[in-house]
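*Asks:* Going by this note's numbering, the first residue of the sequence shown is number 1, and it counts up by one from there.
Note that the Cβ used here is the ideal one computed from N, Cα and C, for glycine as well.
These numbers were taken from a predicted model, which means no experiment stands behind them.
Dropping the structure in here first, questions after.
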Amino acid sequence: MSTRYKNGLGGGARGVGALACLLMALLGAAWIVRDLEVAAHPADLWWTWLGEARRPGEFTAWATSALEPLLVLGALAAGVTALRAAPSVAAGALLTLAVTTALLRLPLLWVLGAGWLQGLESGLTGRARLTAGVQLALALVLIVAVAAGRRPDRSPGEDLRGVARTAYGVVHRPAHDDDTGEAPGRPRRGPGVALGLLLGAIGLALAAWEVHWGLRLGWDTYRKGLLGDASVFRSLLQPPVHWHTAALALLALGAAAAAARRTPWARPPAVAAGALPAVQAAASLAFAAGTGQLGRFPVLPAQARWELGTALLVAVAGLAAVAVAARPGVRREGGEAAAATAYGAWPGAERPPHAPPPPSTLPPGW
């Protein structure tokens, strides 16, 4: 019989994945603490995350953005999920964290090595670049752990659905004999369709804005916001603005496709693809409210109204996607049904086909 693999992780892969998640979270938390130390007031860091241009101490720069606490919380959540969730969900959580980290940290390798960041405090950009490199390495560890940690499934009855295995008058029903054939952990049909629509709307809205800016600005200017430039620099660990939005669009569209197909690992990426754009959009709305733009919405230029409208759409759709993805998926059936039962255990029970005749004398304790 050929060996098949479950969509899950063994215990060793879960432990390695949880450790890598913890290290990712600690690295991000350390930079948040560092920013709190260089801020004139702790609230300055909060307003900077919302988009207001506040400066830290002299000869230094902010290291974090609103993305950093989300990555820290996401890494902690992925670590807990790896240890406690169903195998397919645990694998999805680790892969989601790995792909998200790779997309958002990759441009830092060349942005933080650019000459226009000279003049900051000694070693700051080097430490930030090292952090990005370590997190990328940890993302690779997560991918390898998931790939190498797949558990071979050699259960003899797995390919004999609907066939009762019998021995000495005892009927053993396969674990999946009573279920619908759906892999456990995958979103149910209704939530899967809803996630596909919500995340698809987010991804298309973000992608449409990137196309708009690319056409309006031209490639030479747009490239600076995509690959990094001094004119668009905000914080050390924040990817360039257009790269950031394009990465969120890719995550949303990929998660929408996985949810629509109802893959067993679809719910963790749906949570990430809904939460990251939703928080970014909510920060934009909060900044607009603080500057009075929301109160002057009817008299704003058309583009500003479209931007705020898109932010509202993304925020609402993202929060709804998180709520839908957090619902339990398909459960594994047959826990009780898989137990062994004797064919003479109840009145009128018939002898199963091909079962041996009952013993003349029942074994002790039967």
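Quick check on this structure: which residue in Leu-195, Leu-104, Gly-113 and Leu-94 has the alpha carbon closest to the alpha carbon of Ala-148?
*Replies:* Checking every option, the nearest Cα to that of Ala-148 belongs to Leu-94.
*Asks:* Tell me the rounded alpha-carbon separation between Ala-249 and Ala-207.
*Replies:* Roughly 6 Å separates the two Cα atoms.
*Asks:* For the alpha helix (DSSP H) that contains Gly-200, what are its first and last residues?
*Replies:* Taken as a continuous stretch (DSSP letters only), the alpha helix (DSSP H) holding Gly-200 covers 189-217.
*Asks:* Would you call the stretch 252-271 in contact with the stretch 201-219, where contact means no fewer than 3 C-beta pairs closer than 8 Å?
*Replies:* Yes, since at least three Cβ pairs between the stretch 252-271 and the stretch 201-219 fall closer than 8 Å, the two stretches touch.
*Asks:* Specify, as a first and last residue, the run of the alpha helix (DSSP H) that Ser-284 falls within.
*Replies:* Here the alpha helix (DSSP H) through Ser-284 covers 267-290.
*Asks:* Assuming Leu-308 contacts Gln-293 (C-beta within less than 8 Å), just tell me the rounded distance between them.
*Replies:* Contact flag correct, Cβ pair sits at about 7 Å.
*Asks:* Would the beta-carbon of Val-38 fall within 8 Å of that of Thr-64?
*Replies:* No, they are not a contact pair.
*Asks:* Out of Ala-325, Val-144 and Gly-318, which one is the CA nearest neighbour of Thr-263?
*Replies:* Taking only the C-alpha atoms, the option nearest Thr-263 is Ala-325.
*Asks:* Leu-136 to Ala-102, Cα distance in whole Å?
*Replies:* Going by the C-alpha atoms only, they are around 6 Å apart.
*Asks:* Within the continuous alpha helix (DSSP H) that includes Thr-131, where are the two ends?
*Replies:* Looking at the DSSP string, the run of the alpha helix (DSSP H) that includes Thr-131 is 124-148.
*Asks:* Does the stretch 276-286 touch the stretch 312-319, meaning 3 or more C-beta pairs lie closer than 8 Å?
*Replies:* At 8 Å Cβ cutoff, the stretches touch.
*Asks:* Could you compute how far the alpha carbon of Ala-302 sits from the alpha carbon of Pro-87?
*Replies:* Rounded to the nearest angstrom, the two C-alpha atoms are 48 Å apart.
*Asks:* Distance, Cα to Cα, Gly-290 vs Ala-270?
*Replies:* Cα to Cα, Gly-290 sits roughly 30 Å from Ala-270.
*Asks:* Alpha carbon to alpha carbon, how far is Glu-210 from Thr-245?
*Replies:* Rounded to whole angstroms, Glu-210 to Thr-245 spans 8 Å at the Cα level.
*Asks:* Figure out for me which residue from Gly-57, Ala-66 and Ala-273 has the closest Cα to the Cα of Thr-48.
*Replies:* The candidate whose alpha carbon is nearest that of Thr-48 is Ala-66.
*Asks:* Nearest-angstrom Cα distance between Asp-44 and Trp-243?
*Replies:* Their Cα atoms are separated by approximately 25 Å.
*Asks:* Would you decide whether Leu-70 is buried or exposed? Buried here means 16 or more other CB atoms lie within 10 Å of its CB.
*Replies:* Leu-70 should be labelled buried.
*Asks:* Check for me: the alpha helix (DSSP H) holding Arg-14 runs from which residue to which?
*Replies:* Looking at the DSSP string, the run of the alpha helix (DSSP H) that includes Arg-14 is 11-38.
*Asks:* DSSP state of Leu-227, grouped into three classes?
*Replies:* Three-state DSSP puts Leu-227 in a helix.
*Asks:* From the DSSP output, in three-state form, read off Thr-64 for me.
*Replies:* Coil, per DSSP.
*Asks:* In terms of residue numbering, what span does the alpha helix (DSSP H) encompassing Gln-293 cover?
*Replies:* First-last for Gln-293: undefined, no H or E at that position.
*Asks:* Are there 16 or more other CB atoms within 10 angstroms of the CB of Ala-90, so buried, or fewer, so exposed?
*Replies:* So Ala-90 ends up on the buried side.
*Asks:* Kindly indicate the opening and closing residues of the alpha helix (DSSP H) around Val-89.
*Replies:* Start and end: 87-105.
*Asks:* Can you name the start and end residues of the alpha helix (DSSP H) that Gln-303 belongs to?
*Replies:* From DSSP, the alpha helix (DSSP H) with Gln-303 extends over 302-325.
*Asks:* Have a look at Trp-78 and Val-299 and give me their C-alpha separation to the nearest angstrom.
*Replies:* Note on residue identity: the sequence assigns Ala, not Trp, to residue 78. Distance between the alpha carbons of Ala-78 and Val-299 is about 44 Å.
*Asks:* Please report the residue range of the alpha helix (DSSP H) in which Gly-254 lies.
*Replies:* Looking at the DSSP string, the run of the alpha helix (DSSP H) that includes Gly-254 is 241-261.
*Asks:* May I ask you to check if the CB of Thr-125 is nearer than 7 Å to at least one heavy atom of the ligand GDP?
*Replies:* Among the components of this structure there are no ligands whatsoever, and the ligand GDP is therefore not found.
*Asks:* Using a Cβ-Cβ cut-off of 8 Å (strictly less than) and excluding sequence neighbours within five positions of Ser-235, which residues of its own chain qualify?
*Replies:* The residues are Thr-48, Ala-61, Trp-62, Ala-63, Thr-64 and Ser-65.
*Asks:* Would you kindly check if the distance between the Cβ of Ala-98 and the Cβ of Ala-18 is under 8 Å?
*Replies:* Contact: no.
*Asks:* Can you name, in chain order, every residue of its own chain whose Cβ lies under 6 Å from the Cβ of Pro-156, other than the five neighbours on each side?
*Replies:* At Pro-156 the pLDDT is 43, less than 50, meaning the model places this residue with poor confidence; the figure from the coordinates comes in the next sentence. Within the same chain, Pro-156 has no close Cβ partners at all.
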